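Data block below; observations after.
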Amino acid sequence: MNDHRGVLVLADMQRQGLAIVAKELLGVGRKLADDLGEELSALLIGSGLQTASQEAIAYGADKVYMADSPDMADFNSDTYTAVATMLCQKMAPSVFLLGHTSLGRDISPRVAARLGASLSTDCIKLEIDPSSRRLVQTRPVYGGNAMAVLVAKAYPQMATLRPRSVSPSAPDTYRKGQVIPLEVGSMETRSKVIDRVKATVEGIKLEEAKVIVAGGAGITGAHDFQLLRELADVLGGTVGATRQPCEEGWVSPSLQIGQTGKIVSPDLYIAVAISGAPQHMAGCLGSKHIVAVNKDPQANIFRMADFSIVADYREALPALIEKCRELKSAS
Amino acid sequence: MDIIVCIKQIIDPEMPPAKFKIDTAARKVIPPEGIPLVVSPFDEQAVEAALLIKDKQNARITVMTMGHDPAREAMKRALSMGVDEGIMLSDAAFDDSDAFSTAYVLSKAMDKIGQYDLILCGRQAADWDAGQVGSVLAEYLGLPVITLAKKIEVVGGSLRVERVIPDGYEVVGLPLPAVVTVSSEIGQARLPTGRGIIMAARKPIPVWKATDIGCDPSRLGGGAARSELLSLFIPAQNRRQEVIIGADAAEAASNLAVKLKEEKVI
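Respectively, the protein sequence lines represent chains A and B.
Position one of the first sequence corresponds to residue 25 (this note's numbering), numbered consecutively onward.
Position one of the second sequence corresponds to residue 1093 (this note's numbering), numbered consecutively onward.
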């Protein structure tokens, strides 16, 4: 049954280099490959991949397969699915990992369907069971209320990794590896991207922010987000939100943090008027410190925070801003 | 235009987290007392997406679910929102299906229906959060698929879909028939109308079993699962849970700032 060997990672790209999640994937993949005593390969799909290939080797890949073509510069579900499937059919990897990103979420079920593979998405932990040598996956379910631990029963054993659930390991520029160009040829695509509309992200990107002040359903309107911005400014951070303020149009949807929004891991996460529902907390559990301001003493957020106050944010935030300003200028 | 929407009935994801309990031996969530099951929110939004198309042009919408008798309520909900027909896929053989078996059963039901232009699903079920069924279904039916739709328009004989991407969206064109998975950015699902509820109550909902749709038993249920669930647990919270007090909100806030400074958080 198991003639599958090796670990394969599909590395997400960011401009001309590897995305952070790709580095995280390579770190995880390297450990799994070492535990199996097998090779780690990386698949890069895009255009102008030379630098990224070398990066992939530095981050642990023994082999890098490059599907490098101007046609593949932009993501297309049909072509990327076809390339990944083709390589898996050729390589028969034991484990195939992708990031739980726009790319990984999109193609992993399609590839798994074509290969008859097993698939667990949004995993926060991946390891090899030493006796069975199978992939054991831990993933949040029920909106983050629970954790499920699963073991794969079909090959390749596919999984998508939640970004920021592991730290990338340090690169080793002396590592040696093999770069193998993939002949892709022309591929049938049935869907075609006609346009891309990107919102301009002002200030610090949420995923890179060290301090985030987030507002939830308890904020009474767009205007009150000004208070959060002020607090964020004093602390050198940026503003985020749960789903409701985004849906109401009070803030840009690009500020949404949570299960179906952004995953963030700042040093300090201040949750203002946020109830603490698991679907939102899923986005910020990696924060070093969580602080909550909520007027409802029964709110779930108090269980999930390090430091909190039970208070109406409209009364609490001005005082918090002033005191923080005072303490910061004193230091 | 014929649209089929696949929905799933689940434990209410908005339930108070304090009421969430697990039977660790059985590896199952204990359905909380007094909290009704609901249509998975993204699936409800898929129904809304279908209704938005029907608002603009001639369309017939069929809702489909794989479940047992309680799932009738989910079907009725969709019907009362304005969906035309419902079909239940119910069989003990379907129990403990993973995404692949679920998609397989749905695909056999689609084959039986025969005629459809568009299949809609929610982007992920809000209980298991896997986000696989819609895309796997498209693969089994040999159809193009677009995920994370925030807007779906029918233009001539094709689709124009706005798809959510990080920090924005892309506009994608694709031919019909196709599968589209729907994200919450599509907007709030409409509430059932009084008339809708009355009509829904009268609608017969046919029930199809595995043999009615020609399923290969080896591809069904727990036996066909491609992963094995080893454990299901509620993770421990390891936060400090310290509540800072004060005579009033402003004082508490001030004390909080001092505490954060002491703890070197700010």
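Cβ atoms here follow ideal geometry from the backbone N, Cα and C, with glycine treated the same way.
Because the structure is a prediction, the values reported are computed rather than measured.
> Using a threshold of 7 Å, is the CB atom of Gly264 (chain A) nearer than that to any non-hydrogen atom of the ligand HEM?
Replying inline: In the structure shown, the ligand HEM is absent, as is every other ligand, since no ligand is present at all.
> When the Cα of Tyr1261 (chain B) is compared with those of A:Lys312, A:Pro277, A:Met328, A:Ser289, which residue comes out closest?
Replying inline: A:Pro277
>> I'd like to know if Gln1329 (chain B) contacts chain A, where contact means its C-beta is closer than 8 Å to some C-beta of that chain.
In response: yes
> Where does Glu1262 (chain B) fall in DSSP's three states?
Replying inline: strand
> Which value, in whole angstroms, describes the spacing of the CA atoms of Pro269 (chain A) and Gly245 (chain A)?
Replying inline: 8 Å
> Mind checking if Leu1129 (chain B) is an interface residue toward chain A, Cβ cutoff 8 Å exclusive?
Replying inline: no
>> Against chain A, does Ser1310 (chain B) count as a neighbour if the rule is that its beta carbon must be under 8 Å from one of theirs?
In response: no
>> So, with DSSP's three-state summary, where would you put Asn169 (chain A)?
In response: coil
> With DSSP run on the structure shown, which of helix, strand or coil describes Met110 (chain A)?
Replying inline: helix
> What are the residues that DSSP puts in a beta bridge with Asp219 (chain A)?
Replying inline: B:Val1263
>> Rounded to whole angstroms, what is the Cα-Cα separation between Val288 (chain A) and Glu231 (chain A)?
In response: 5 Å
> Helix, strand or coil for Asn26 (chain A) per DSSP?
Replying inline: coil
>> If distances are taken between C-alpha atoms only, which option among A:Ala136, A:Ala323, A:His313, A:Thr224 comes closest to Val275 (chain A)?
In response: A:Thr224
>> Between Gly167 (chain A) and chain B, is the shortest Cβ-Cβ distance under 8 Å, so that the two count as touching?
In response: yes
> So what does DSSP say about Gly261 (chain A), is it helix, strand or coil?
Replying inline: coil
> CA-CA distance, Ala297 (chain A) and Ala316 (chain A)?
Replying inline: 8 Å
> With respect to the alpha helix (DSSP H) encompassing Ala7 (chain A), which residues constitute its N-terminal and C-terminal limits?
Replying inline: Here chain A comprises residues numbered 25 to 355, so residue 7 (chain A) is not present and cannot be evaluated.
> Would Gln303 (chain A) count as contacting chain B if we go by Cβ distances under 8 Å?
Replying inline: yes
> Can you tell which of B:Leu1266, B:Pro1108, B:Ala1118, B:Pro1105 has its C-alpha closest to the C-alpha of Ser1323 (chain B)?
Replying inline: B:Ala1118
> Which residue from A:Pro117, A:Tyr293, A:Met110, A:Lys55 puts its Cα closest to that of Ile236 (chain A)?
Replying inline: A:Tyr293
> Nearest to Ala238 (chain A) by alpha carbon, out of A:Gln202, A:Arg186, A:Ile325, A:Ser191?
Replying inline: A:Ile325
>> Within 8 Å of any Cβ in chain A, is that where the Cβ of Ala1201 (chain B) sits?
In response: no
> Does the distance from the C-beta atom of Glu79 (chain A) to that of Gly41 (chain A) stay below 8 Å?
Replying inline: yes
>> Is there a C-beta anywhere in chain B that falls below 8 Å from the one on Ile218 (chain A)?
In response: yes
> Roughly how many angstroms lie between the CA atoms of Pro180 (chain A) and Ile1099 (chain B), to the nearest whole one?
Replying inline: 29 Å
> Using a beta-carbon distance below 8 Å, is Phe120 (chain A) in contact with chain B?
Replying inline: no
>> Rounded to whole angstroms, what is the Cα-Cα separation between Glu339 (chain A) and Gly264 (chain A)?
In response: 20 Å
> Interface residues of chain A around Lys1351 (chain B) at Cβ under 7 Å?
Replying inline: Phe331
> Among the residues of its own chain, which have a CB less than 6 Å from the CB of Thr1285 (chain B), if the five just before and after it don't count?
Replying inline: none
>> Spatial neighbours of Ser1182 (chain B) within its chain, please: C-beta separation below 6 Å, excluding the five flanking residues on both sides.
In response: His1160, Val1299
>> Please classify Phe99 (chain A) as buried or exposed, where buried requires at least 16 neighbouring CB atoms within 10 angstroms.
In response: buried
> Is the beta carbon of Asp95 (chain A) less than 8 Å from the beta carbon of Pro205 (chain A)?
Replying inline: no
> Is it right to say Ser332 (chain A) is buried, meaning 16 or more other beta carbons lie within 10 angstroms of its own, or is it exposed?
Replying inline: buried
> Are the C-beta of Thr284 (chain A) and some C-beta of chain B separated by less than 8 Å?
Replying inline: yes
> Is Cys147 (chain A) helix, strand or coil by DSSP?
Replying inline: strand
>> Quick test of your reading: Thr184 (chain A) and Gly123 (chain A), contact by CB under 8 Å. State the CB separation rounded to the nearest angstrom.
In response: 6 Å
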